[in-house]
Structures are given as C-alpha cells and as structure tokens.
Amino acid sequence: MSLDPQVVAYRAARAADNVPPLYTRTLAEARAADLAAIRAGGGAVEPVHEVRDTHVPGPGGDLPVRVYRPAGDGPLPTLVWFFGGGWTLGSVETSDGICRRLANATGCQVVTVGYRLAPEHRFPAAVHDCHAATSWIAGHAEEFGADPRRLAVGGDSAGGNLAAAVTLLARDAGPQLAAQLLVYPNTDQRPRPAPTGGPEDPLLFNRHSVDWYRGHYLADPADAADPLASPLLAEDLAGLPPALVITAEHDPLREEGERYADRLREAGVLTDLTRYPGMIHGFFAMPGAFDAAGRALDQAADFLRYRLRAADPVDKAGQGDPPPAGPGRPGSDTDG
1 MSLDPQVVAY RAARAADNVP PLYTRTLAEA RAADLAAIRA GGGAVEPVHE VRDTHVPGPG
61 GDLPVRVYRP AGDGPLPTLV WFFGGGWTLG SVETSDGICR RLANATGCQV VTVGYRLAPE
121 HRFPAAVHDC HAATSWIAGH AEEFGADPRR LAVGGDSAGG NLAAAVTLLA RDAGPQLAAQ
181 LLVYPNTDQR PRPAPTGGPE DPLLFNRHSV DWYRGHYLAD PADAADPLAS PLLAEDLAGL
241 PPALVITAEH DPLREEGERY ADRLREAGVL TDLTRYPGMI HGFFAMPGAF DAAGRALDQA
301 ADFLRYRLRA ADPVDKAGQG DPPPAGPGRP GSDTDG
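The letter at position 94 of the sequence shown is residue 94 when you use full-length UniProt numbering, and the numbering goes up by one with no holes.
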C-alpha cells in the first residue's frame, strides 16, 4: 500500500523546509530537533489531573521520572513508559503527549522513566535503568499510589525494545507484570543488508537511521546477540505478560516487530498485533499530524484498560470478553 495521504503531506512539508535527517546532525542538534518535531506533531496538550516530577534510584544514580495521575482515589493501575529515540535521543519531555493521552484515556497512572542515553551510556545501561525503575515503583507502590498487581510496561521504538527487555528480566527477577505495550519496537539489532528497490528516503526514518542509532547504543557489534539488546533472539519467551504490538507499514522495523509478536504467540503469550497501513515510524507520537495516531493511542488505551482490569482479582468485570477485534482495536491481527 502507498503512503497515507497525511504522510505524503508531512513528507512534502519536510522537503519544502529542507529538513536534514537526524543522522546528519550533531548529537545536540539531533536531540533538539527530535523534541521539536514531536511537539510540532503532538497536537493539543491534554491536561491531566496531576503531573509531577520526581526521582527513583538507578544503577548509575537517581533517574528522573514523571508521574501522570488521572483523577481517582486509592491505588491505581500503572503503566511504566519508556520513550523512544534510538536510546540516543529523547527524554521525559518527548513522551509527554503520549503519557498524558494514555493516562486520561485509560484511567491508569503513567510513569515515564528518564533512563541514561547513549553514547554517553551504552548498552546495557538503559535496560538496567528501566528495570530498576520498574522494580522500585512496584516495591514502593504506596509511595506512588500504584497497585502492584496491575503494573504494565510499554514504549515506542527503542522504548518498545526496552519494555520487551524489561519483561525478560522481570520474568526471572520480578516485579510481576500484567501487560506489555510495544509500539514499533526494535527487536533484532543484528545488521541486515538494505532491501532492494531503490535508495533510502532521507525525509523519513530509514535504515540509515537504524544503523546510526545502533552505532551509538552498542559498544560492541557482538552485543547485538544479547537478548536484552535483541529480544527476538531470546531462547524462551514463555511466561511473559500479555502483549499488544503495534507496527507501521512503511517502517524498516515492521518485520522484526511482527516477528516478535509471532514468537510471543508461539510461546503461548496472549498477543495482539496491528499494522497501521500507510503509516511511518514515529506516527504514534504525532496525533496532531496523523489521524492513525489517534486510533492507535485509543487501541493502546483499550488494551491497557482490559489487561490491567483483568489483573485485578477483585474486579471480575475484567475477566469477561476482550474489546471487539477489528481495525484499530485489540484482538485484531489486521491492518488498523
């Protein structure tokens, strides 16, 4: 399928503005441009009942976290969110729009983690930061107003990779997780030859982008074989929490994300997979530019509400039928 008309317009605007690829810029320039692009495409900033910044201890020192709490008394189900940016770009600011929308749409608390970035801190620093933060929140649930029985992890792009890696660590070392939300995740860091069919599009996320981020993140190419870097290479995926995997049709990470969903299913993990046709990498963070982003965020909220409700032994309503399958809804294995 061809690019969505809104993606065509987005690409044309970038061409008219002569926007250089992030991988041609300095690290500082790329980080600033990434934040600016996400803010420009994020749409209106949604108010949330309470937003506060705090810290949790991590392996290399305190980690900044931002807590988005919707209205509601008592312990709330909680999503721990890891931002995208190729482990190199991004911060709690770049995921602000996603976290606000998910908090409001789910009634769940969302906590985003400011893990250490590469190349200053290479693999596996980010993985261990994210697991440490998740474990701390679970272990200090009362402090966060969280229900430790209803704890999920999620992330987009590199954040999806980190969420998948955290589920592997949590399966063996805790904490117990009720769900995982993986949005166009990196799951296989091994270099692959570029596909045939012409040059890479410099105006969109492409394989040069993938290589640039990987080069910053992995200190040694051999690290790509580690399942914490490449969850697709994990020998056993059994016992992981139910998953929603969202992919974009025109994304160099699409195939590895969908292969990971297949492997989760083969391991007996309840897994929903939706590919959004005509969409590109990064669309999930840009509901102000792409209508499909709003549908994907709604799908993610449906999934989280259902899975976190089902994890509550007191609330038996969550044990009923899942939300209806179909485009843009959990349970689908079709295009969104």
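For each residue, glycine too, the CB sits at the ideal point set by N, CA and C.
Distance cutoff 8 Å, beta carbons only. Does residue i sit that close to anything in chain C?
i	result
N161	The structure shown contains no chain C; it holds only a single protein chain.
Check whether the Cβ atoms of residue i and residue j lie closer than 8 Å to each other.
i	j	result
D188	S230	yes
A311	R150	yes
R108	L76	Reading the sequence as shown, one finds Cys at residue 108 and not Arg. Yes, the Cβ-Cβ distance between C108 and L76 is below 8 Å.
G257	P185	yes
L181	G154	yes
F205	D251	yes
V113	A133	yes
G85	D147	no
T106	R305	yes
H281	Y23	no
L228	V127	yes
A300	L102	yes
H140	L169	no
P241	D129	no
L233	R259	no
G97	A285	yes
F123	Y217	yes
R25	G145	no
A225	T271	no
Below 8 Å on the Cβ atoms is my guess for residue i versus residue j; work out the distance and round it to an integer in Å.
i	j	result
A163	F82	6 Å
P202	G43	Actually they do not touch by this definition, with Cβ atoms about 26 Å apart.
S135	P175	6 Å
N104	V48	6 Å
For residue i, which of the options has the nearest alpha-carbon?
i	options	result
residue 345	A33, Q6 and L264	As shown, the chain starts at 1 and ends at 336. That puts residue 345 outside it, with no answer to give.
V65	L297, G72, V51 and A71	V51
A37	E93, A138 and H128	E93
R171	D201, L203 and A152	A152
R31	T88, V19, V56 and E46	T88
T78	I137, H49, R192 and E29	I137
E120	G160, A219 and H55	A219
H55	M1, A9 and E143	E143
T167	V269, T26 and G145	V269
A267	D298, P5 and E235	E235
S95	A71, G160, G145 and A125	G160
G41	V7, P57, E29 and A28	V7
D211	I246, V245 and L253	L253
Using DSSP bridges, identify the partner residues of residue i.
i	result
L297	Paired residue(s): none; L297 is not in a bridge.
T78	Q109 and L151
Q189	DSSP, once it has assigned bridges, lists no residue as partnering Q189.
D156	V183
A248	Y276
H55	P64
E142	The partner list for E142 (beta bridge, DSSP) is empty, contrary to what the question assumes.
E255	Answer is none; E255 lacks a bridge partner.
D335	R275
Is residue i near the ligand MG, in the sense that its beta carbon is under 7 Å from a heavy atom of that ligand?
i	result
R171	Of ligands this structure carries none, so the ligand MG is not represented either.
(request) Say whether the region 272-281 touches the region 290-307, bearing in mind that this needs 3 or more beta-carbon pairs closer than 8 Å, one atom from each stretch. (result) yes
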